[in-house]
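S.K.: Chains as they are written, first to last, in full-length UniProt numbering: chain F, 1 to 159; chain V, 1 to 159. Mind looking over this structure? Questions follow.
2 protein chains.
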Amino acid sequence: MIPEVLDPASRSRIDLGGLEQSLGFLLRVSQLKVFHHFFEKLGHIGLKPGEYSVLWVIARNPGIRQGLLAQNLAIKNAHMTKLIRSFEVYGFVERRIPDEDRRAVELSLTEQGEAFVARHKPDFFGYIQTLDSPLDESETRELVRLLAKFSGISRESVQ
Amino acid sequence: MIPEVLDPASRSRIDLGGLEQSLGFLLRVSQLKVFHHFFEKLGHIGLKPGEYSVLWVIARNPGIRQGLLAQNLAIKNAHMTKLIRSFEVYGFVERRIPDEDRRAVELSLTEQGEAFVARHKPDFFGYIQTLDSPLDESETRELVRLLAKFSGISRESVQ
DNA sequence: TGATAATTGTTTCCTTGTAAACATTTTATG
DNA sequence: CATAAAATGTTTACAAGGAAACAATTATCA
Numbered sequence: 001m002i003p004e005v006l007d008p009a010s011r012s013r014i015d016l017g018g019l020e021q022s023l024g025f026l027l028r029v030s031q032l033k034v035f036h037h038f039f040e041k042l043g044h045i046g047l048k049p050g051e052y053s054v055l056w057v058i059a060r061n062p063g064i065r066q067g068l069l070a071q072n073l074a075i076k077n078a079h080m081t082k083l084i085r086s087f088e089v090y091g092f093v094e095r096r097i098p099d100e101d102r103r104a105v106e107l108s109l110t111e112q113g114e115a116f117v118a119r120h121k122p123d124f125f126g127y128i129q130t131l132d133s134p135l136d137e138s139e140t141r142e143l144v145r146l147l148a149k150f151s152g153i154s155r156e157s158v159q
Numbered sequence: 001m002i003p004e005v006l007d008p009a010s011r012s013r014i015d016l017g018g019l020e021q022s023l024g025f026l027l028r029v030s031q032l033k034v035f036h037h038f039f040e041k042l043g044h045i046g047l048k049p050g051e052y053s054v055l056w057v058i059a060r061n062p063g064i065r066q067g068l069l070a071q072n073l074a075i076k077n078a079h080m081t082k083l084i085r086s087f088e089v090y091g092f093v094e095r096r097i098p099d100e101d102r103r104a105v106e107l108s109l110t111e112q113g114e115a116f117v118a119r120h121k122p123d124f125f126g127y128i129q130t131l132d133s134p135l136d137e138s139e140t141r142e143l144v145r146l147l148a149k150f151s152g153i154s155r156e157s158v159q
């Protein structure tokens, strides 16, 4: 049986009573669909999308403060501490306590981390292309635009 | 400070390197935004959106099989078992083992459960209206339509 | 019919992520 | 300056959710 987040056959017989148009529900189900596809395609790599994105952003912003990283990826500090620790143990990330502010932590990738990020860039940024989506290309673009605007990632609305 | 999922001020200074257009990331951040607003508005009620939706669907489909419910809401059986148990203890849901198939569980609401669902319907279906969204009404409708199509909830694509 | 397979839900164990309290350092204030 | 307040991460203790093994029942089929 093809693994589906929601099986249309069984779904058709019950009454969701409007849940089908609830933004929260739709976001959750859509995210499950994307995750499901991700793990199917890239599960073997051993890093989840959020974890890769942490490495990715450190790569693009060497020396970034741990808190700023957490804020921008909407990851809680407590969780980020654990992620960074495990990346450090694994040899992908280095932590540096700057002298100007010894509360802070500045992050950068090791060579190994850089190599990993570079090698898997096509995987993590391309897997979505292989998802068999009911949306055509312009619809997908519009979905991305609307989500970016809704979430506040794009500044489209602020003029 | 106004609690925001992503603070635009801090965000503007770092380079996300294309993550801003990643469907998975945008779905996650958007969902966080909706959840955040939900808890702000309705946290006091004590039920989360997913939990209410379970009650809601049972109300609309009395006697529904637990597994079918789980399937339709994209909740794993193991988790559904726990949810239903706690609703049962709380006096909102009744379980019935049908004679025709004694492996199955048929669910229905108690009077108390019905009353709860009815009383809070405006809350759970209306809270999204009070979210201060950058999207106008037609954009929101389009977002909902695209998500429904993408997730497979709507059968628009299957004609 | 009797053995095997599939279905349905539950239990157990584990991972992910969060909240709250904490430790340390820096900034503000009297 | 000395104390109070804020900022930055970390720790701890917990809750949500999932995977895998399991138990019970029903369906299949030789």
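Using N, Cα and C, we set each Cβ at its ideal position, and we do this for glycine too. Only a predicted model underlies this, so the values are computations on that prediction, with no experimental measurement involved.
Would a check of beta-carbon distances place Lys76 (chain F) closer than 8 Å to chain V?
M.R.: Chain V, which has no Cβ nearer than 8 Å to the Cβ of Lys76 (chain F), makes this no.
S.K.: By how many angstroms is the C-alpha of Leu83 (chain F) removed from the C-alpha of Tyr90 (chain F)?
M.R.: Taking the straight line from one Cα to the other gives about 11 Å.
S.K.: At the level of alpha carbons, what is the spacing between Ser108 (chain F) and Arg95 (chain V)?
M.R.: Distance between the alpha carbons of Ser108 (chain F) and Arg95 (chain V): 54 Å.
S.K.: Output, in sequence order along the chain, the residues in the segment 113-142 of chain V whose CB is closer than 8 Å to any CB in chain F.
M.R.: Here the close residues are Phe125, Ile128, Ser133, Pro134, Leu135, Glu139, Thr140 and Glu142.
S.K.: For Glu106 (chain V), which three-state DSSP category applies?
M.R.: In this structure, Glu106 (chain V) counts as strand in the three-state DSSP scheme.
S.K.: If we ignore side chains and look at the alpha-carbon of each, how far apart do residue 162 (chain V) and Leu143 (chain V) end up?
M.R.: Outside the modelled stretch of chain V, which goes from 1 to 159, sits residue 162 (chain V), for which no answer is possible.
S.K.: Roughly how far, in whole angstroms, is the beta-carbon of Pro49 (chain F) from the beta-carbon of Gly24 (chain V), given that I think they are within contact range, below 8 Å?
M.R.: With a Cβ gap of about 5 Å, Pro49 (chain F) and Gly24 (chain V) count as contacting.
S.K.: Between F:Leu27, F:Leu55 and F:Lys41, which lies nearest to Ala115 (chain F) when the distance is taken from Cα to Cα?
M.R.: When each option's Cα is compared against that of Ala115 (chain F), the closest is F:Leu55.
S.K.: Of the choices V:Phe125, V:Pro122, V:Leu27 and V:Leu47, whose alpha-carbon is the least far from that of Ser151 (chain F)?
M.R.: Nearest C-alpha to Ser151 (chain F): V:Leu27.
S.K.: For a cutoff of 8 Å on Cβ pairs, would you count Arg60 (chain F) as touching chain V?
M.R.: Output row for Arg60 (chain F): interface = yes.
S.K.: Could you confirm whether any beta carbon from chain F is found closer than 8 Å to the beta carbon of Gly43 (chain V)?
M.R.: No, its Cβ sits nowhere closer than 8 Å to a Cβ of chain F.
S.K.: Which residues bound the beta strand (DSSP E) around residue 164 (chain V)?
M.R.: No information on residue 164 (chain V) is available, as it lies outside the stretch 1 to 159 that chain V covers here.
S.K.: Please classify Ile14 (chain V): does DSSP put it in a helix, a strand, or coil?
M.R.: It is coil, neither helix nor strand.
S.K.: Looking at the C-beta of Ile153 (chain V), does it have a partner C-beta in chain F at a distance below 8 Å?
M.R.: Judged by the 8 Å Cβ criterion, Ile153 (chain V) is in contact with chain F.
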